[in-house]
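Trainee: Those letters in the sequence shown? Residues 19 to 217, by my numbering.
Backbone N, C-alpha and C fix where the C-beta goes; we use that ideal spot for every residue, glycine too.
If you're wondering where the values come from, they're calculated on a predicted model, not measured in any experiment.
Okay, handing you the structure first.
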Amino acid sequence: MKQLLISYCLAVLVSVFVFPEPLNAQRTVVKRSKVVRKRAYVRPVRARRVAHYRYRALPRWGRTVRTVGAGAIGIRFGGIGYRFHNGIWYRPKGKRFIVARAPFGARVGMLPVGHLKLAVGPNTYFYYYGTYYSQTIDSKEYQVVEAPIGAEVDALPEGYTIVKINDKAYYKFEDAYYEPQIDSANTERYVVVASPIAN
């Protein structure tokens with residue numbers, strides 16, 4: 019028995035010094051692998067067009083400014099001295115001016131550059147920067163009118179709010195509600211609708 023034990027110890031020592039690898043088999047072997055670099059597929063994402071995109075360079079509705087640009091026309095209406103410049107209406111606010119809604123009934127002799135001509139039923143309207151005009155019968159002037167139901171425009175001034183009524187989104191600008199619709203060219207348009215809030 020003693021001789022068997024000695025033989026076993028010798029066999030273990032021989033295996034440790036002569037064949038070290040099997041005893042160290044528990045050592046982690048890191049294999050080199052090829053790094054495969056996959057080409058990233060970048061899908062172009064079209065940014066959602068905001069309703070005021072067309073007027074993005076113009077001042078925000080409700081903004082206060084120190085002065086109105088040179089060439090502004092002074093229009094007195096309802097006891098208030100408005101300024102009309104490049105299709106934008108300004109109302110005095112202390113020593114400054116605020117970008118404001120055009121007063122209904124006020125008249126201008128010339129429409130702003132870039133206005134839209136709209137046919138709503140048998141009537142023709144002109145639109146620019148949230149303001150609607152109709153040509154007066156007795157003169158060549160254009161009178162500010164309320165937003166006609168059914169008018170379809172391509173942009174709203176910045177300053178609108180998006181409201182959700184009965185799970186449907188509307189753009190509310192001043193007192194008018196606009197329903198967004200996609201036209202045949204896949205462009206969003208804004209159609210004046212009757213107030214969706216029940217009276």
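Using CA coordinates, which residue listed in 117, 154 and 194 is at the minimum distance from residue 166?
Mentor: Nearest of 117, 154 and 194 to residue 166, Cα basis: 194.
Trainee: Kindly indicate which residue of 200, 203, 211 and 160 has the alpha-carbon position closest to the one of residue 189.
Mentor: Here the closest residue by C-alpha is 211.
Trainee: Got a sec, what are the start and stop residues for the beta strand (DSSP E) residue 98 sits in?
Mentor: 98-103 is the extent of the beta strand (DSSP E) around residue 98.
Trainee: Taking a contact to mean a Cβ-Cβ separation below 7 Å, would you say residue 71 touches residue 105 in this structure?
Mentor: No, these two residues do not count as a Cβ contact at 7 Å.
Trainee: Would you say residue 160 and residue 136 are within 7 Å of each other, going by their C-beta atoms?
Mentor: No, these two residues do not count as a Cβ contact at 7 Å.
Trainee: List the endpoints of the continuous beta strand (DSSP E) containing residue 192.
Mentor: Where residue 192 is concerned, there is no enclosing beta strand (DSSP E), given that its DSSP letter is neither H nor E.
Trainee: Quick one: is residue 68 buried, meaning 16 or more other Cβ sit within 10 Å of its Cβ, or exposed?
Mentor: The residue in question, residue 68, is exposed, as its Cβ has fewer than 16 Cβ neighbours within 10 Å.
Trainee: Could you pull the start and end residues of the beta strand (DSSP E) that residue 167 belongs to?
Mentor: Note, residue 167: premise wrong, no beta strand (DSSP E); not H, not E.
Trainee: Taking the DSSP output, what are the residues bridged to residue 197?
Mentor: Looking at the DSSP assignment, residue 197 forms a beta bridge with 209.
Trainee: What residue from 99, 93, 197 and 169 has the CA that sits closest to residue 180's CA?
Mentor: That would be 197, whose Cα lies nearest to the Cα of residue 180.
Trainee: Who pairs with residue 214 in a beta bridge, going by DSSP?
Mentor: BP columns for residue 214 are empty, so no partner.
Trainee: Can you tell me whether DSSP reads residue 72 as helix, strand or coil?
Mentor: Here residue 72 sits in helix by DSSP.
Trainee: Exposed or buried, residue 148, counting other C-beta atoms within 10 Å across all chains shown (16 or more means buried)?
Mentor: Residue 148 should be labelled buried.
Trainee: State yes or no: is the beta carbon of residue 85 nearer than 7 Å to at least one beta carbon in chain C?
Mentor: Protein chain content of the structure displayed is limited to a single chain, and chain C is not contained in it.
Trainee: With a 10 Å radius around its C-beta and 16 neighbouring C-beta atoms as the bar for buried, classify residue 175 as buried or exposed.
Mentor: By the 10 Å Cβ count, residue 175 comes out buried.
Trainee: Output needed for residue 108: all residues of its chain with C-beta closer than 8 Å, excluding positions within five of it in sequence on either side, in chain order.
Mentor: Same-chain partners within the cutoff: 83, 86, 90, 100, 101, 102, 115, 116, 117 and 118.
Trainee: Residue 162 bridges to which residues according to DSSP?
Mentor: Residue 162 is bridged to 151.
Trainee: So is residue 75 buried or exposed if we call it buried at 16+ other beta carbons inside 10 Å?
Mentor: With fewer than 16 Cβ atoms within 10 Å of its Cβ, residue 75 is classed as exposed.
Trainee: Just the Cα atoms here: how many angstroms apart are residue 139 and residue 111?
Mentor: The straight-line gap from Cα to Cα measures roughly 38 Å.
Trainee: Count the other CB atoms within 10 Å of the CB of residue 173; is the residue buried (16 or more) or exposed (fewer)?
Mentor: The residue is buried, with at least 16 neighbouring Cβ atoms inside 10 Å.
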